[in-house]
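Novice:
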Amino acid sequence: MDETFWRGIRVSHPRDWEIVFASSHGHPGKCSFADRRYERLRVQWREMKGTMNFRKLLEDEVGKKREEGKRAEVLTGQAEGWHGVIERTGQGNLVHAGKVFAGDELYVEATFIWPGRRDRNLENAILEGTGPGRSPGRWQAMGMRVQAPAGLELLRYSSDVGQTAWEFGPSPGSKGLSLTVKRLAVPRYWLKVPLARWLEAGVGVGAKIVEQKPLRMNGHEAAMVLSRRGPAGAWDKVRGRKLMTLEVAWKCPVEERVYHLVCCDTVKAGHLSLPGGLRLECCQEAPLQAKERDEETAKAAR
């Protein structure tokens, strides 16, 4: 099993179920997962104070579905604290389950799409491992595992073929450090120069490189480039503050991926460093490789 951490929620799921949608800042909490063929799981969450009358809610929901001619019944045998409805169709089963985490003032709802046979053991394992993340600043999805510094929120993200990028910053409208984390695939096809030169080439027009040096990140050789631009405003000029950009990149040989960190802030020239509390993990197995290893381990244990 693997875990996804997204906007304060934790979801356990099979290693080969990948996240295909995740809501960003300012939108209702929602994410969905799919295997290589089907959408398999949707999870939604929202703040909730107090309790919920699940008994009445479920009775009403079952009655509504039956009026629509659907085969539905109240869910039984599920993980502790979860309540729900199972809807049986000619193609498989839909399971809707919800739970109130009173201590966290959080309501979480999970919908399982079971094409064909329903796996109740897997369903309950997912429910038992789904709830409040309780790890402030932890983000884990789309192949990346990041511990973000306190005070930064995920403002935007993109996940395209070959590149995943997360943009962190203070709350919209506030000033301060911004952080972008990127994971770039198949560098053997596009990285034709040393990482230091690759970072140099990416420094924007009008910026001046003020420092370059090698580093080590997660045990790997890395390159760092620090550049600066002029003052962001008149008051910054008086205070001797400039827009600084710190970039760090390294290649993880285990994943065959390049990780690229970009930090920007308006500070006194030369005084920008990686923020405390930042951690970006690498050296992860590919999901299918990890799943195959888990299956081999399980067979050997029988």
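For the sequence shown, this note's numbering begins at 1039 and goes up steadily by one.
Every residue, glycine too, gets a C-beta built ideally from N, C-alpha and C.
Residue range of the beta strand (DSSP E) that glutamine 1103 falls in?
Specialist: Sequence inspection shows lysine at residue 1103; the glutamine mentioned does not correspond to that position. Segment 1092-1105 is the alpha helix (DSSP H) holding lysine 1103; no beta strand (DSSP E) there.
Novice: Of all the options Arg1183, Val1184, Gly1130 and Gly1171, which has the alpha carbon lying nearest to the alpha carbon of arginine 1109?
Specialist: The candidate whose alpha carbon is nearest that of arginine 1109 is Gly1130.
Novice: Can the beta-carbon of histidine 1134 be found less than 9 Å from the beta-carbon of leucine 1165?
Specialist: In this structure, leucine 1165 does not lie closer than 9 Å to histidine 1134 by Cβ.
Novice: At what residues does the alpha helix (DSSP H) containing tyrosine 1227 begin and finish?
Specialist: Its alpha helix (DSSP H) spans residues 1225-1228.
Novice: May I have the straight-line CA-CA distance separating threonine 1168 from lysine 1306, to the nearest angstrom?
Specialist: Using only the alpha carbons, I get a separation of about 44 Å.
Novice: Going by DSSP, what residue range makes up the beta strand (DSSP E) through asparagine 1131?
Specialist: Per DSSP, asparagine 1131 belongs to the beta strand (DSSP E) from 1130-1139.
Novice: Considering only the beta carbon of each residue, do tryptophan 1236 and valine 1219 sit closer than 9 Å?
Specialist: In this structure, valine 1219 does not lie closer than 9 Å to tryptophan 1236 by Cβ.
Novice: Just verifying my parser: in three-state terms, what is the DSSP assignment at glycine 1189?
Specialist: Coil at glycine 1189, not helix or strand.
Novice: Classify leucine 1312 as helix, strand or coil using the three-state DSSP reduction.
Specialist: Three-state DSSP puts leucine 1312 in coil, outside helix and strand.
Novice: Pick out whichever of Ala1287, Ala1223 and Val1081 has its Cα sitting closest to the Cα of glycine 1046.
Specialist: Nearest of Ala1287, Ala1223 and Val1081 to glycine 1046, Cα basis: Val1081.
Novice: For the region 1220-1229 and the region 1252-1267, state whether three or more C-beta atom pairs, one from each stretch, are separated by less than 8 Å.
Specialist: Short answer: they don't touch.
Novice: For proline 1153, which residues from the same chain have a beta carbon less than 7 Å from its beta carbon, with the 5 sequence-adjacent residues on both sides left out?
Specialist: Tyr1076, Gln1129 and Gly1130, listed in sequence order.
Novice: Less than 9 Å between the C-beta atoms of serine 1265 and alanine 1287, yes or no?
Specialist: Cβ distance not < 9 Å, so serine 1265 and alanine 1287 don't count as in contact.
Novice: Excluding the 5 residues flanking arginine 1074 on each side, which residues of the same chain have their C-beta closer than 8 Å to its C-beta?
Specialist: Here the set comprises Asp1054.
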